[in-house]
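Trainee: Sharing a structure with you now.
There are 2 protein chains.
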Amino acid sequence: MAQPSPRTRRSSTTLEEVAHLAGVSRATVSRVVNGSPKVSPDVRNDVQAAIDRLGYVPNRAARSLVTRRSDSIAVVITEPTGRLFSDPFFPRLLRGVSSELAARDRQLILLMPDTIADESRTAEYLTAGHVDGALLVSLHADDPLPARLTAAGIPVVLVGRPHKGVKASFVDVDNRQGAQSAVAHLIAGGRRVVATIAGPKDMAAGADRLLGYRDALADAGIPADPNLEIVGDFTQESGATAMGRLLEARPDIDAVFAASDLMAAGALAVLAANGRRVPADVSVVGFDDSPVATTTMPQLSSVRQPIEAMGHEVARLLVDAVEGSDLVPRRVILATELVRRASSAGRPSP
Amino acid sequence: MAQPSPRTRRSSTTLEEVAHLAGVSRATVSRVVNGSPKVSPDVRNDVQAAIDRLGYVPNRAARSLVTRRSDSIAVVITEPTGRLFSDPFFPRLLRGVSSELAARDRQLILLMPDTIADESRTAEYLTAGHVDGALLVSLHADDPLPARLTAAGIPVVLVGRPHKGVKASFVDVDNRQGAQSAVAHLIAGGRRVVATIAGPKDMAAGADRLLGYRDALADAGIPADPNLEIVGDFTQESGATAMGRLLEARPDIDAVFAASDLMAAGALAVLAANGRRVPADVSVVGFDDSPVATTTMPQLSSVRQPIEAMGHEVARLLVDAVEGSDLVPRRVILATELVRRASSAGRPSP
DNA sequence: CATGAGCGTGAGAGCGCTCTCACAGGCAGT
DNA sequence: ACTGCCTGTGAGAGCGCTCTCACGCTCATG
């Protein structure tokens, strides 16, 4: 009956073959493979031996077909510019996600739509049930994707706090607290005219970091001054422009908190060009603790984010949601850490 | 007959249903979906209408099961540190790969093994036939993966020239030519004592960039001086150390070509600390054109690599190999471009 | 007017797996 | 000794698709 003729291509071993070798039925082998408790120890051993001997690996497609799960998770990155090309946020995040998914035996399918057409194809792909869940990174304020996926019953978790209105689980760093600690550090260093170069207010990270800045001022009893708050777009160039305007509006400025390292780098260049010494005259702190922070002169103090941990957390949340049909949106906020470098060293002597 | 009862979960439409609605057989619908030419135009239209109406999307698992292809490609990134966290090489590469794969209707499965155990699991996963091909990024010199996959009949393409002995298609940038043009530029700027901070010699990129440096010296008839060649490991710190040693060995140095921007940044800091003005006293060029290049003071001239293009190319090669069982290894070398910034501006006046 | 080629279409097997259901055997309780 | 129950195992259906093969039709050909 058995017809062990050499098939075309590399025909991997099947359940059937394992079952035959172990002298049991397909069902039993399946139970062993899937760790069912209702298999007697000796049968389990026989089957395991057969599996090892044949080097059996389950066929994912066949399994998916019947279980209607794909055991794979999509990571969708919709960011045409910005972070993608300025600091290694994504690789680190992906590493965190990847390691968590590997531990949970899930595949990571990466989608990086780079055109509008691509984006709608992405949405179709996701709703077609090819993945068990989706992990969305840095979507625009008006991205319809989360709502669309949720409506289609696809579990979704976001990286970064979504704009209000979006009801979904997310993981974010504590931007507000991070900014607050940075500014508190500047004030503790004896600075009193502390400016901020904020991020875009329509991005959660931008808005939150600005709030943190204000928190710290309020804590220290320093009144807020609109002239000390300038909004940039996280880029180096915008940081430079903002710094120029700050120096014009308040020449007595003695500290700057920039909502990104790149903006801080831009600010440093403008400060140097204007003869201000850092940190002697002006103390500077950035945000992100990107590689840029150590290449500036002086090196930049910065707020470090637990990026890999975010990746782990977001993947964990998503897999939990997939497994448990967990409908309650969860939110996880991770703490940041201030890394002190030369740019915000205390005044040599007051 | 039709039983449009609501099934459990999201039960997507099947071929069967489309066939029924269009009044044809499953086989015909399958032919239409797969673009077979042997379908009469009117039948094709009917079927297409039914597909559109029902929003039919083929079930990938079922298809894979019978075709024995997964239509997905693995991208394996085995880089614990280095490039992963220092510049946005990977996101840009992934973007190139992703866009090419999307156009070719393939899925991108990302694998980032971060432990040794993980690596062997990765190898097992890949050889288990879950993917049609693999794209390997930055493997170590002694990585057994390419050989193992090739032996298992899995098409493989590498990003970056492999160490000799590995027979596989690859895509790389012209490191030698890029370095050569950078050094030629320094010499054209009137520099004569040109040093290099090279990359590790056991990495192709390190070795090739060193060769390019020597090429340019030879072209200009400048004899090579071992004291002017110091090997770093691509990090900022190693660049700083190397610069210190160079200044000691040859205080008359008037130009430095660093094989990475980070090493160049380290060198800049040491030059500044030693009172050397850049570019007036010493001219500096880096490699990679990473974001760091614009945050240093002065901004860093650098050799730019076509990273997205590499991604496209490598994906194209791999899919071609998968489709055509293309057994002849191909190699693609992409040109670089020198980006001139302040750090290598010509001498104000000799 | 029979024959054969060619084309479009349908019937049906089968890819490798999971999972329900039936059932054999052992054991305790009456 | 009979019933009932639990536990471990096997038989078999079926997931949605592709692909081979057979078949019916139309046309050109002898």
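Residue numbers (the numbering used here), protein chains in the order written: chain A, 1 to 350; chain B, 351 to 700. The beta carbon of each residue, even a glycine, is placed where N, CA and C say it ideally should be.
#1: Specify the secondary structure class of leucine 536 of chain B as computed by DSSP and reduced to three states.
#2: Please classify arginine 192 of chain A as buried or exposed, where buried requires at least 16 neighbouring CB atoms within 10 angstroms.
#3: Using the three-state DSSP reduction, which class does glutamate 469 of chain B fall into: helix, strand or coil?
#4: Rounded to whole angstroms, how far is the Cβ of serine 120 of chain A from the Cβ of leucine 262 of chain A, which I believe are closer than 8 Å?
#5: Can the beta-carbon of arginine 341 of chain A be found closer than 7 Å to that of leucine 300 of chain A?
#6: Check whether the Cβ of histidine 312 of chain A lies closer than 7 Å to any Cβ atom in chain B.
#7: Using 8 Å for Cβ pairs, my map puts alanine 484 of chain B next to leucine 460 of chain B. What's the rounded Cβ distance?
#8: Note down the Cα distance separating phenylalanine 257 of chain A from valine 303 of chain A, rounded to an integer number of angstroms.
#9: Just mark alanine 335 of chain A as buried or exposed, buried being the case when its beta carbon has 16 or more other beta carbons within 10 Å.
#10: If you draw a straight line from the alpha carbon of valine 407 of chain B to that of threonine 417 of chain B, how long is it in whole angstroms?
#11: Quick check on DSSP: helix, strand or coil for arginine 53 of chain A?
#12: Give every residue of the same chain whose Cβ lies closer than 6 Å to the Cβ of serine 693 of chain B, excluding the five residues on either side of it in the sequence, and list them in chain order.
#13: Compute the distance between the beta-carbons of alanine 22 of chain A and alanine 50 of chain A, then report whether it is under 7 Å.
#14: Alpha carbon to alpha carbon, how far is alanine 574 of chain B from valine 425 of chain B?
#15: Pick out whichever of A/Leu93, A/Ser12 and A/Val33 has its Cα sitting closest to the Cα of valine 159 of chain A.
#16: Taking just the CA atoms, how far does proline 512 of chain B sit from isoleucine 580 of chain B?
#17: Taking C-alpha atoms, which residue in B/Val516, B/Asn624 and B/Ile547 lies nearest to serine 610 of chain B?
#18: Using the beta-carbon of each residue, which ones in chain A are nearer than 9 Å to isoleucine 399 of chain B?
#19: Once DSSP output is grouped into helix, strand and coil, what is the label at alanine 293 of chain A?
#20: Determine the chain A residues that contact isoleucine 459 of chain B at a beta-carbon separation under 7 Å, and present them in chain order.
#21: Exposed or buried, leucine 101 of chain A, counting other C-beta atoms within 10 Å across all chains shown (16 or more means buried)?
#22: If you reduce the DSSP assignment to three classes, tell me which class leucine 578 of chain B lands in.
#23: What is the DSSP secondary structure of alanine 352 of chain B, reduced to helix, strand or coil?
#24: List in chain order: all unbroken beta strand (DSSP E) runs of 3+ residues lying wholly within the stretch 223-267 of chain A.
#25: Quick check on glutamate 313 of chain A: buried or exposed, where buried means 16 or more other Cβ atoms within 10 Å of its Cβ?
#26: Under three-state DSSP, which class holds leucine 136 of chain A?
#27: Buried or exposed: where does arginine 410 of chain B fall if 16 or more other Cβ atoms within 10 Å of its Cβ makes it buried?
#28: Using DSSP bridges, identify the partner residues of glycine 286 of chain A.
#29: Check the Cβ-Cβ distances between arginine 419 of chain B and every residue of chain A, and say whether any is below 7 Å.
#30: When the Cα atoms are used, what is the spatial distance from proline 354 of chain B to glutamine 398 of chain B?
Mentor: Considering the structure as presented:
#1: In the second sequence, residue 536 of chain B corresponds to position 186, counting from 1. Here leucine 536 of chain B sits in helix by DSSP.
#2: Position 192 of the first sequence, counted from the start, is the residue given in the question as residue 192 of chain A. By the 10 Å Cβ count, arginine 192 of chain A comes out exposed.
#3: Here residue 469 of chain B refers to the residue found at position 119 when the second sequence is read from its first residue. Helix at glutamate 469 of chain B.
#4: Stepping through the first sequence from its first residue, residue 120 of chain A is reached at position 120. Stepping through the first sequence from its first residue, residue 262 of chain A is reached at position 262. Their Cβ separation, rounded to whole angstroms, is 31 Å, which puts serine 120 of chain A and leucine 262 of chain A out of contact at 8 Å.
#5: Here residue 341 of chain A corresponds to residue number 341 of the first sequence, with the count starting at 1. Here residue 300 of chain A corresponds to residue number 300 of the first sequence, with the count starting at 1. Result yes, Cβ atoms of arginine 341 of chain A and leucine 300 of chain A sit closer than 7 Å.
#6: Counting from 1 along the first sequence, the entry for residue 312 of chain A is found at position 312. Not one chain B Cβ lies under 7 Å of histidine 312 of chain A.
#7: Residue numbering aside, residue 484 of chain B sits at position 134 when the second sequence is read from its first letter. Residue numbering aside, residue 460 of chain B sits at position 110 when the second sequence is read from its first letter. Contact flag wrong, Cβ pair sits at about 11 Å.
#8: Taking the first sequence and counting its residues from 1, the one referred to as residue 257 of chain A is at position 257. Taking the first sequence and counting its residues from 1, the one referred to as residue 303 of chain A is at position 303. The alpha-carbon atoms of phenylalanine 257 of chain A and valine 303 of chain A are separated by roughly 10 Å.
#9: Walking along the first sequence from the start, residue 335 of chain A turns up at place 335. Result: exposed.
#10: Start at 1 with the first residue of the second sequence, and residue 407 of chain B comes out as number 57. Start at 1 with the first residue of the second sequence, and residue 417 of chain B comes out as number 67. Using only the alpha carbons, I get a separation of about 17 Å.
#11: Translated into positions along the first sequence, residue 53 of chain A becomes position 53. The answer is helix: DSSP assigns arginine 53 of chain A an H, G or I state.
#12: Position 343 of the second sequence, counted from the start, is the residue given in the question as residue 693 of chain B. Cβ neighbours of serine 693 of chain B beyond the five flanking positions: Val628, Pro629, Val634, Pro648, Leu650 and Ser651.
#13: Here residue 22 of chain A refers to the residue found at position 22 when the first sequence is read from its first residue. Here residue 50 of chain A refers to the residue found at position 50 when the first sequence is read from its first residue. Going by C-beta atoms, alanine 22 of chain A is nearer than 7 Å to alanine 50 of chain A.
#14: What you label residue 574 of chain B is simply residue 224 of the second sequence in a count that begins at 1. What you label residue 425 of chain B is simply residue 75 of the second sequence in a count that begins at 1. For alanine 574 of chain B and valine 425 of chain B, the distance between alpha carbons rounds to 40 Å.
#15: Here residue 159 of chain A refers to the residue found at position 159 when the first sequence is read from its first residue. Measuring from the Cα of valine 159 of chain A, the nearest candidate turns out to be A/Leu93.
#16: Locating residue 580 of chain B in the second sequence gives position 230, counting from the first residue. Locating residue 512 of chain B in the second sequence gives position 162, counting from the first residue. Cα to Cα, the separation comes out at about 23 Å.
#17: Along the second sequence, one-based indexing puts residue 610 of chain B at 260. Here the closest residue by C-alpha is B/Ile547.
#18: Here residue 399 of chain B corresponds to residue number 49 of the second sequence, with the count starting at 1. According to the sequence provided, residue 399 of chain B is alanine. The question's isoleucine does not apply to it. What alanine 399 of chain B touches in chain A: nothing, since even the nearest Cβ is about 18 Å away.
#19: Taking the first residue of the first sequence as 1, we reach residue 293 of chain A at position 293. Helix at alanine 293 of chain A.
#20: Along the second sequence, one-based indexing puts residue 459 of chain B at 109. The answer, in chain order, is Gln107, Leu108 and Ile109.
#21: As a first step, residue 101 of chain A is located in the first sequence; it is residue number 101 there, counting from the start. Answer is buried; the Cβ neighbour count reaches 16.
#22: The residue you call residue 578 of chain B lines up with position 228 of the second sequence. Residue state, collapsed to three classes: helix.
#23: For the purposes of this step, residue 352 of chain B is taken as the residue at position 2 of the second sequence. In this predicted model, alanine 352 of chain B has a pLDDT of only 33, less than 50, meaning its place in the structure is not dependable; the value taken from the coordinates is given anyway. Alanine 352 of chain B: coil per DSSP, three-state reduction.
#24: 229-231 and 255-258
#25: Within the first sequence, the letter at position 313 stands for residue 313 of chain A. The residue is buried, with at least 16 neighbouring Cβ atoms inside 10 Å.
#26: Within the first sequence, residue 136 of chain A is the residue found at index 136, counting from 1. Three-state DSSP puts leucine 136 of chain A in a strand.
#27: Against the second sequence, residue 410 of chain B aligns to sequence position 60. Flag for arginine 410 of chain B reads buried.
#28: Taking the first sequence and counting its residues from 1, one reaches residue 286 of chain A at position 286. Paired residues: A/Ser302.
#29: If you number the second sequence from 1, residue 419 of chain B lands on position 69. Judged by the 7 Å Cβ criterion, arginine 419 of chain B is not in contact with chain A.
#30: Along the second sequence, read from residue 1 onward, the residue named residue 354 of chain B stands at position 4. Along the second sequence, read from residue 1 onward, the residue named residue 398 of chain B stands at position 48. Any reading at proline 354 of chain B is ruled out, since the residue's pLDDT is 34, under 50, leaving its predicted position unreliable.
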